[in-house]
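Participant:
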């Protein structure tokens with residue numbers, strides 16, 4: 006949107022800045038996990054978060 010409207014401030018602050026902020030948060034979280042020898046949080050409600058490649062039943066089409 007910012008590029009289409011020639012909004013350089015939009016491109017910078019809502020593009021690169023948000024990306025860099027999320028990257029910094031991720032790196033801080035990662036370093037803390039490594040420092041304390043912990044595993045990352047894995048959401049049990051997120052489909053396929055366990056590494057299983059089978060589609061969850063709520064995604065499969067229903068058959069009669």
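Residue numbers (this note's numbering): 6 to 69. Beta carbons: idealized from backbone N, C-alpha and C, even for Gly.
(1) In whole angstroms, what is the alpha-carbon distance linking residue 22 and residue 15?
(2) Measuring straight from C-alpha to C-alpha, what distance separates residue 18 and residue 27?
(3) Along the chain, where does the alpha helix (DSSP H) that runs through residue 21 open and close?
(4) Using the Cα positions of residue 31 and residue 62, report the straight-line distance between them to the nearest angstrom.
Facilitator: Once the coordinates are examined:
(1) Within the chain shown, numbered from 1, the residue matching residue 22 stands at position 17. Within the chain shown, numbered from 1, the residue matching residue 15 stands at position 10. Using only the alpha carbons, I get a separation of about 10 Å.
(2) Residue mapping note: residue 18 aligns to position 13 of the chain shown, counting from 1. Residue mapping note: residue 27 aligns to position 22 of the chain shown, counting from 1. Rounded to the nearest angstrom, the two C-alpha atoms are 13 Å apart.
(3) One-based indexing of the chain shown puts residue 21 at position 16. It is not in any alpha helix (DSSP H) - residue 21 carries neither H nor E in the DSSP assignment.
(4) Taking the chain shown and counting its residues from 1, the one referred to as residue 31 is at position 26. Taking the chain shown and counting its residues from 1, the one referred to as residue 62 is at position 57. Spanning the two alpha carbons is a distance of roughly 31 Å.
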